[in-house]
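I have placed the structure first, in the form of structure tokens, so that the comments after it can refer back to it.
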Amino acid sequence: MIQNPILPGFNPDPSICRVADEVYIATSTFEWYPGVQIHRSRDLVNWTPVARPLSRASQLDMRGNPDSCGIWAPCLSYADGLFWLVYTDVKRFEGNFKDAHNYIVTAPSIEGPWSDPVYVNSSGFDPSLFHDDDGRKWFVNMVWNHRTESIGGSPKSPAFDGILLQEWDANTGKLVGPVRNIFRGSPHGLVEGPHLFKRRGWYYLTTAEGGTGYDHAVTMARSRRIDGPYELHPDRHLITSQHAPEAPLQRAGHGQLVKMPDGSSYHTHLCGRPLKTPAGPRCPMGRETALQRVEWREDGWLYLAHGDQVPAVDVPAPNPATVKMPRGAVTHDFRQCKALPIEFQWLRTPYPERLFQLGSEGLRLIGRESVGSWFEQSLVARRQEDFRFRAETVLRFEPDSYQQAAGLTLYYNRTKFHAALVTWHEIHGRCLTLMNCPGEWPSGRLQFPLSTPVSVSALELRLAAEVRDAALQFFYDSGSGWQPLGPVLDASLVSDEAGFGEHGSFTGAFVGMLAFDTSGSARAADFRNFRYEPLP
4 MIQNPILPGF
14 NPDPSICRVA
24 DEVYIATSTF
34 EWYPGVQIHR
44 SRDLVNWTPV
54 ARPLSRASQL
64 DMRGNPDSCG
74 IWAPCLSYAD
84 GLFWLVYTDV
94 KRFEGNFKDA
104 HNYIVTAPSI
114 EGPWSDPVYV
124 NSSGFDPSLF
134 HDDDGRKWFV
144 NMVWNHRTES
154 IGGSPKSPAF
164 DGILLQEWDA
174 NTGKLVGPVR
184 NIFRGSPHGL
194 VEGPHLFKRR
204 GWYYLTTAEG
214 GTGYDHAVTM
224 ARSRRIDGPY
234 ELHPDRHLIT
244 SQHAPEAPLQ
254 RAGHGQLVKM
264 PDGSSYHTHL
274 CGRPLKTPAG
284 PRCPMGRETA
294 LQRVEWREDG
304 WLYLAHGDQV
314 PAVDVPAPNP
324 ATVKMPRGAV
334 THDFRQCKAL
344 PIEFQWLRTP
354 YPERLFQLGS
364 EGLRLIGRES
374 VGSWFEQSLV
384 ARRQEDFRFR
394 AETVLRFEPD
404 SYQQAAGLTL
414 YYNRTKFHAA
424 LVTWHEIHGR
434 CLTLMNCPGE
444 WPSGRLQFPL
454 STPVSVSALE
464 LRLAAEVRDA
474 ALQFFYDSGS
484 GWQPLGPVLD
494 ASLVSDEAGF
504 GEHGSFTGAF
514 VGMLAFDTSG
524 SARAADFRNF
534 RYEPLP
């Protein structure tokens, strides 16, 4: 069986593409660098990360992009012997404007080399490229109307002004011909995430509606002409959990269709798995990727194969004999690494050499701007993929100022994080402290949950973070065994819904290593290794 989510942890807006026997899924990475995450599978059950195509300054520079901006909703396709990747770089979130710039890059193989981008337009986000069977190419994206009350985390339908269609001339690298608004969405509203495909003379359009929260849905429409008019699916939505609050996969929406070699069809969608907390449901792993088996019925419409709109956790795979490979602990000794392991990313900048280096001492983080900076923040982290896990690292850091700190963090964005840090104190000298930001948007006001810093003399320290659902406990070992560091913290604060709310931020929790030096002296911290272990 396919066990959903197939891509656990922050992996939203899945675009799916099959080339021969291999299937690829591209997902949004927002402010995390390099941009766009691509996984590969042959059986739809086991998935492996294979590429992050936007990896150099000529392709992507997100310094200054606010939280939850950057790469939104990529579209991956294959035609003319090339992979085509369409993506948006969003430069603004709060207020009425979005400043969303759309680009196309291509590559002969999924591993690259990926071209420099060709600019397309800035009329809205969530772009997609459709290769018609007559050889013509069509570009679609949602259009953003700034003349509304849709501000930040309070989306309003009038701002989502429909789906624009225009022809793309690959020879000149330009949009040509008239711009048409082909679909203004259903009464559900907030139409975005368009993907076109063709079957038996019909053009089908799948879109996302209902925002990024618990009313999310995949809406389907069709037309005999690519430019419309489009009629709605008899059930309006192909996939949604909006009326099933107890379903394990919530926030279901935004996906794309793929046909397998055996003739079976599947549809991706994003989803969230909320924890139940006193503050309400919270999804620390953000929006994840799931896959549903679908079937065509006599009326010419697509339906979920199990007969409901609510997505299933267990879905039949194309080959029933496929075995799901178990997930276990992953340990990296950075002293042995020639490159940063693929599960790790950093924030915004295309110049990682200013943030970190790999060498004989391990992963050296160079203290730059404060934790939460939108420009140069030395933070290297991987996705939280489990409700229960333990992360460990070994750190060597010698600060001489309280403006210098390095350690382990559970991080979402500048207003939602917890960190266990080695720093310096006027009374306690070199010491351990806790720092967090409990979702206080927009101020980002810090708290320091440890009443008295813990003095440490050992040059090397082991730090650990253990998360069990909504409970986070930090630990340290300075040579005499593991000791808890401070109180149990609320891990659910590091989630989509905390702070600004479910429509206000939409990435996911990361766990990793950070260093900052607000004195400007770039004090470095050496991390020998990193271990991530799912817990029962």
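Residue numbers (the working numbering): 4 to 539. Cβ atoms here follow ideal geometry from the backbone N, Cα and C, with glycine treated the same way. Quick caveat, the model's predicted, so the values are computed rather than measured.
Going by DSSP, what residue range makes up the beta strand (DSSP E) through S131? 131-134
According to DSSP, T91 sits in a beta bridge with which residue or residues? W75, N105
Exposed unless 16 or more other CB atoms sit within 10 angstroms - verdict on W171: buried
Would you mind giving the Cβ-Cβ distance between A422 and V374, rounded to the nearest angstrom? I have them listed as a contact below 8 Å. 7 Å
Assigned secondary structure, F337 (DSSP; H/G/I helix, E/B strand, else coil): helix
Helix, strand or coil for S495 per DSSP? helix
Since I believe L132 is in contact with A110 (beta carbons under 8 Å), could you give me their beta-carbon distance rounded to a whole number of angstroms? Contact flag wrong, Cβ pair sits at about 14 Å.
Are the region 108-123 and the region 187-196 touching, with three or more C-beta to C-beta distances below 8 Å? no
Going by other Cβ atoms of all chains shown within 10 Å of its Cβ, with 16 needed for buried, is P539 buried or exposed? exposed
Using only CA atoms, which one of G442, N322, E249 lies nearest to P284? E249
Let me know the secondary structure DSSP gives S160 once reduced to three states. helix
Hey, which unbroken runs of the alpha helix (DSSP H) at 4 residues or more fall wholly within the region 447-476? none
Rounded straight-line distance, which links the Cα of E152 to that of A60: 35 Å
Counterpart residues of D218 in DSSP-defined beta bridges: D218 pairs with nothing; no bridge assigned.
What is the rounded straight-line gap between the Cα of G432 and the Cα of L63? 41 Å
Can you tell me where the beta strand (DSSP E) with P197 in it begins and where it stops? 195-202
How would you write the range of the beta strand (DSSP E) that E212 sits in, first residue to last? 205-212
Residue nearest to G138 in terms of C-alpha spacing, selected from A82, G98, V89, V179: A82
Cβ pair S481, P287 closer than 7 Å: no
Three-way DSSP call (helix, strand, coil) for R357 in this model: helix
Coil, strand or helix - M328 by DSSP: coil
Complete beta strand (DSSP E) runs within the region 6-30 (minimum length 3 residues, chain order): 18-22, 25-30
Report the option in L350, E443, M263 whose CA atom is closest to the CA atom of R386. L350
Given a cut-off of 7 Å on the beta-carbon distance, is the pair V182 and I166 in contact? no
Distance check for W147 and W117, CA to CA, integer angstroms please. 29 Å
Quick one: what does DSSP say T436 is sitting in, helix, strand or coil? strand
Please state the DSSP three-state secondary structure of M263. coil
Out of R43, A518, A293, state which residue places its alpha-carbon closest to the alpha-carbon of P11. A293
If contacts are defined as beta-carbon pairs under 8 Å, then L449 and R399 qualify, I think. What distance do you get, rounded to the angstrom? Their Cβ separation, rounded to whole angstroms, is 25 Å, which puts L449 and R399 out of contact at 8 Å.
Against chain C, does K327 count as a neighbour if the rule is that its beta carbon must be under 7 Å from one of theirs? No chain C appears in this structure, which consists of one protein chain only.
Helix, strand or coil: which one does DSSP assign to Y535? strand
Sequence-distant residues of the same chain with beta carbon closer than 8 Å to D302, five excluded per side: P237
Determine the direct distance from the alpha carbon of A220 to that of L488, and round the result to whole angstroms. 42 Å
Exposed or buried, which one is A518 when buried takes at least 16 other CB atoms within 10 Å? buried
Proximity winner among F13, E34, I28, relative to T352 (alpha-carbon distances): E34
Taking the straight line between their C-alpha atoms, what separation do you get for Y206 and T222? 14 Å
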